Amino acid sequence: MKINQKKTSWLFAILFFIVIIVGIWDASALIYGLQRGSLYALIALPLAMVLGIMDILNLAHGELLTVGLYASYVLFINFSIDPLISTLPVFIFLVILGGIIYFLTIKKVLGEGHLPQLLLTFGISIMLIELIKIYWTTRPRNVYRAYASSSITIGNFRIGSYEFLYVFLAFAVFLLLKLFLKKTRLGQAVYAVGQNPRGAEIVGINVDLVYLFIFCLSSGILGLTAGVMLPRVSIFPLTGNPFSLISFALVAMAGMGSINGILLAGITLGIAEAVIQAIPGYGGWSDLVFFGVLIAVIMAKNIQEA
Amino acid sequence: MPVLKVNNLLKKFGGLVAVNNLSFTAEKDEILGIIGPNGAGKTTVINVIAGTLPVSGGEVVFKDRQVTELPAYQRNQLGISRTFQTVRPLQDFTALENIMVGALFGKKLQLNEAREKALKICEYIELERHDLPIDKLTVLELKKIELGRALASDPELLFLDEIMAGLNSEETWQMIELIRKIKENEVAICVIEHVMKVVAELTSRVIVLDRGDIIAQGPYQQVSQQKQVITAYLGKEG
Amino acid sequence: MKKIIFYLFFVIMAATLPYYAGGYLLHVSTTILIFMSLSLSWDMMLRTGQLSFGNAGFFGLGAYASLISVSNLDIHPVLSLFFAAVFAAGVALVVGFAVLRLRKIYFAITTLALALVFEVIVMNLSDLTGGSSGRVLPQAIFGGNSVLIYWLILFITIIVILISELLNKSKTHYAINSIRNDEITARSSGINVFKYLVFVFVFTSAIQGIIGGVYTQQYAFVMPESTFSLDFLLLPIAMALVGGIYTTMGPILGAIFLGLISEYLKLIMPYGHLFIYGLIIVIVILFLPEGIYKVARKKYRNRKSQEVKLDASSEGK
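This is the structure we're talking about:
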C-alpha cells in the first residue's frame, strides 16, 4: 500500500471549494455531510486496506458490517448491552469471523486473478445476507437509545449531536492506523507487503500472517463501526450492501492505497450527497452521487493512463 | 522508398525519457538490427511503432502513411506485425488457432480461409504439432507460434523482439534460416537481439541505442568497432 | 447428424411438455428457461474476459420498458418485448461506451452498481414507473395462458441457445477468446477489442432486456424491489458456474440442475433459500472451478482415450 504517496491536493482543493459554496448556502448540509462522510470513510478504510495490501476487492465488505450490526443488536436485545459498550465484543467477534473467512476461502484464491476472487466474495456476501434472513427475516429492526437522538441548535439549524461521534471515531481510527503503520514492527511489515509481497517474503516477513492480520483487522474495524452506527440506523439484511459500492467509490476517488485520501474523499462525498438532498424535490437522487463520482473518477484516471 | 520512416520519436514515462527524438528508416528486403544494452529502450521503440504504447511526440510513417495516432489493431491490419519478448500465446487455443487469429483479424479472412492460411504458415515455419494445446509445446514451438501469428496477417514490416531468447544453438540456427526465408518475401524485418553472433549473421544494418538515443548505425562489423558502442556495452572504464 | 437428432429430440420433448406435464411442472420449467437464458447471456459476456454484474440491471430495464410500453403506448405485449430489447440494448450501448474502457475490478464493480443506479432512477421517475410501489397491468400476456407463455419463453430460450452456439463457432469467438486470453496479443493481431466488447455487451444486454420483459408480462407487474432483485444476478451466475463457464452446455445444465433444487428449497425454507446459491458459488470457485459439464466431459474423454490405449496394447499382443 502506497501510503501518503498519492497526491491528495486536488481532493483538498475540490473539498475546500465545495465547503465555501455550501457553507454560504446551507451550513447544516455542511455539518451533516461531514458526519455522514466520516462514517463513509470509516467503512471504506477496511476495504481500502484489503484491496491495497492483499489486492482483493472484497464484495462481502458491506455484509460484514451488517453482521456487526446484527451482532450488536443481539447483544442489546438479549443481554441489554448498550451498543456503544458492545463495540468491543463485536470487534472481537468480527476479528474471529474475518479469520475464519480468510482461512476457509480468501487464502485459497490469493493471486488467482480477479475473476475467482470477485465471484468468491460475491458468493460469501450472498451467504451472509441469506443467513441473516433465515434468523431475523427481512423485517427492519431498530435500537432506541435516548442519547442517540439528542441534537444541538445552531442559529436556525438543528443538527444531530450523536453523529459527531462518527467524526471523532473516523479521525481516531485513521490516526491510530497511521501511527501503527509507522511506529510498529508489524506496521512496517504490512507496509512492506503492500509495496512488494515477494520482496517482503524474501527478507523474511511472514506474508501470510500479514494478510491474515489485515483481513481480521479490517473485519474488526467494521464491527467497531457497527456498534456506533446501530442506535442511528434501521437494520435489515441488506443494510450494509450499498456500502461495498460506496467504499469502492471512495477508494477510486482517493487513489489506490491512499489513507489520507479516503477520509477526504468520504467527507467530500458526504457533503455532496447532503447538498443534493437539501434541494427540494430532488432529494431521492442523492443516492446516485457516489456513482457519478465513481464514473467520473475512473474515467478521468483511465484517460490519463492511456 | 522506405517501408517505415520514424521521425523524432519521443516516449516518456512520467519524467523518464525512454526514447529520445529517434529517427530512422527501414527498407524492404533488409533485416535491420536494433541493439543496445539493457534499458536502452529497444522494446519501447517497438511498442511505440506497433501502437502498443502511445507516443509522446514525433511521428511514425508507414508506407507513406501517417500511423502515429492509429490504434495497434489498425496498424496490424495495415501491415505492421510483431512478436513479444516473452511469448504471449493465447492459452485457450491450439497452436493452429493462435496462428489463425492473425489471419482472421490482421488479414480479415473468413474462418475456412484463415484455417487454410494458418496451415500453410505452419508448413512454412515447420511447425508440425499444430493441433496441440499451448501447454504441451516446447519453447521453440511457442516462439514459432508467435512468429506464425505475426506472419498470418501478411506483414510488410515485422518486428521480432528477442525471438532467439531461450533457444539452444541448434534451434537458434533453425530460426536464423527461417528469418532469412521470410525476408525473401519482400518483408522489412527489424530484430532486437542480445546475442551478437546472431546480429552479425542476420542483419544488414544495425542501430545502436543507449538510453533512448541512437549512438551509432551502420553495418554490424563496422559499428561494433566504434568506441562509443563499446563504452555503452562495457561501461566507461571497460 | 446424431447430434442433431439428439437435440431435436430434446426440443420436441420441451415443446410438447404442456401435453404431458402438470401445471406445476410447467411453471417450474418456465422459470428454469428464464434463468437459463439469463445464465447464457451472462456467460457470453464472460467469454470476453469481462466479469459483468450488470444482468440484473438490464433485466430490470427491460421489465420496465416492456410494461410501460404496453400500458402507456398500448402496443401488443409481444411487440413490447422487442421494445424492451431495443431499449436495454440502447442503454447498454451508451453505458458500454463508458464502462467498457474499464477492466477487471473496475469494470465488475461499475456494472455491479448499474442495477442500483437503474433502481434509483426508476424510483425517482415515479410518474412513469409508479415509484417504489410499482405498476400493474390489467392483464398478463396471452390473457395469462400459461401454455402460450411457456411456448413463447421456450422459443426465446432456443434462440438464445442458438446464438450462444453460433457465437462459439464464429469469427467473433476467436476475437473474444483472444481478448480474454491476452488483450495485448489480441490488439497487435488486428483485433478491434473495444468494438467486440461493445458488440457482446449490447446483445447480451438485449437478451437480458427481453427476458426482463417476458418475465414482467408473465406476472403483469413491476416493482423496484422485486424487479431489480438480487435473484436475477445471483442465480444466473451460480448456474453458469456450476454447469461450467465458456460453454453453451454449462449454463443449460446448471440452470436445469439448480432450477430444480431451487424449487425444492423454496418449499422447505421460504426465507433465505438463496443461501445455498451463495454456498454453491463458493464451493465451485474453491473446489470445482471448471464446473460439472467440463469435468464430466474430461472424464468421458479420458475413459475413451484409455479404451483406445487398451485396444492398442491388445493389438500389440
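Order-wise, the sequence lines are chains A, B and C. Basically the working numbering = 1-based index in the first sequence + 4. Basically the working numbering = 1-based index in the second sequence + 563. Basically the working numbering = 1-based index in the third sequence + 409. Virtual Cβ for every residue (Gly too), placed ideally from N, Cα, C. Note that this is a predicted model, so its numbers are computed, not measured.
Under 7 Å by beta carbon: chain C residues contacting residue i
i                 : result
ARG628 of chain B : Result: empty, since nearest Cβ-Cβ is about 16 Å, beyond 7 Å.
LYS319 of chain A : In this structure chain A extends from 5 to 310, so residue 319 of chain A is not present and cannot be described.
Where residue i falls: helix, strand or coil (DSSP)
i                 : result
LEU570 of chain B : First, the residue type needs correcting, since residue 570 of chain B is Asn and not Leu in the sequence shown. Correct three-state label for ASN570 of chain B: strand.
VAL420 of chain C : helix
ALA64 of chain A  : coil
PHE462 of chain C : coil
SER154 of chain A : coil
GLY285 of chain A : coil
ASN200 of chain A : coil
ARG145 of chain A : strand
ALA629 of chain C : coil
SER644 of chain B : strand
VAL531 of chain C : helix
ALA430 of chain C : coil
ASP773 of chain B : strand
ILE136 of chain A : helix
PRO782 of chain B : coil
PHE722 of chain B : strand
Chain B contact for residue i (CB, 8 Å cutoff)
i                 : result
ILE692 of chain C : no
SER598 of chain C : yes
GLU724 of chain C : In this predicted model, GLU724 of chain C has a pLDDT of only 43, less than 50, meaning its place in the structure is not dependable; the value taken from the coordinates is given anyway. Not an interface residue.
Cα-Cα separation between residue i and residue j, rounded to whole angstroms
i                 : j                 : result
MET727 of chain B : SER767 of chain B : 18 Å
PRO120 of chain A : ILE209 of chain A : 26 Å
LYS187 of chain A : ALA193 of chain A : 11 Å
ASN731 of chain B : VAL758 of chain B : 12 Å
TYR44 of chain A  : TRP140 of chain A : 26 Å
GLY653 of chain C : GLU699 of chain C : 5 Å
LEU213 of chain A : LEU108 of chain A : 15 Å
GLN9 of chain A   : ARG202 of chain A : Its pLDDT being 42, under 50, GLN9 of chain A is placed unreliably by the model, and the measurement read from it follows with that caveat. Computed Cα separation, rounded: 21 Å.
PHE527 of chain C : ILE643 of chain B : 44 Å
GLY663 of chain C : GLU734 of chain B : 48 Å
THR606 of chain B : TYR515 of chain C : 29 Å
LEU650 of chain C : SER541 of chain C : 33 Å
GLY198 of chain A : GLY191 of chain A : 11 Å
VAL279 of chain A : LEU292 of chain A : 13 Å
MET453 of chain C : VAL609 of chain C : 7 Å
Assigned exposure category for residue i - 16 Cβ within 10 Å defines buried
i                 : result
LYS412 of chain C : exposed
TYR416 of chain C : exposed
ASP536 of chain C : exposed
ARG712 of chain B : buried
GLY270 of chain A : buried
Residue-level contact to chain C via CB, residue i, 8 Å cutoff
i                 : result
VAL580 of chain B : no
PHE252 of chain A : yes
MET663 of chain B : yes
VAL297 of chain A : no
LYS111 of chain A : no
GLY801 of chain B : Its pLDDT being 39, under 50, GLY801 of chain B is placed unreliably in this model, and the value from its coordinates should be taken loosely. By this cut-off, GLY801 of chain B is not an interface position.
LEU169 of chain A : no
THR588 of chain B : no
ILE283 of chain A : no
ASN639 of chain B : yes
GLU134 of chain A : yes
Contact list for residue i against chain B, beta-carbon separation under 8 Å
i                 : result
ASP640 of chain C : The contacting residues do not exist; ASP640 of chain C stays about 31 Å from chain B at best.
LYS707 of chain C : Within 8 Å Cβ-Cβ: nothing; LYS707 of chain C doesn't reach chain B, min ~13 Å.
ASN586 of chain C : LEU653, ASP655, PHE656
Cross-chain neighbours of residue i in chain B, by beta carbon under 7 Å
i                 : result
ASP591 of chain C : ARG651, LEU653
ASN601 of chain C : TYR636
TYR702 of chain C : Chain B residues near TYR702 of chain C: none, gap ~16 Å exceeds 7 Å.
Contacts of residue i in chain C (Cβ-Cβ under 8 Å)
i                 : result
ASP212 of chain A : Correct list: empty, because the minimum Cβ distance to chain C is about 17 Å.
THR118 of chain A : Looking at the sequence shown, residue 118 of chain A is not Thr but His. Neighbours of HIS118 of chain A on chain C, chain order: LEU460, LYS513, ILE514, ALA517.
ILE128 of chain A : GLY687, VAL691
THR615 of chain B : ILE593, ARG596, SER597
Residue-level contact to chain A via CB, residue i, 8 Å cutoff
i                 : result
LEU525 of chain C : yes
GLY687 of chain C : yes
ALA522 of chain C : yes
Closer than 9 Å at the beta carbon, the chain C residues around residue i
i                 : result
PRO201 of chain A : Correct list: empty, because the minimum Cβ distance to chain C is about 18 Å.
Within chain A, the residues that residue i reaches when beta carbons sit closer than 9 Å
i                 : result
VAL479 of chain C : Those within 9 Å of VAL479 of chain C in chain A number zero; the least Cβ separation is about 26 Å.
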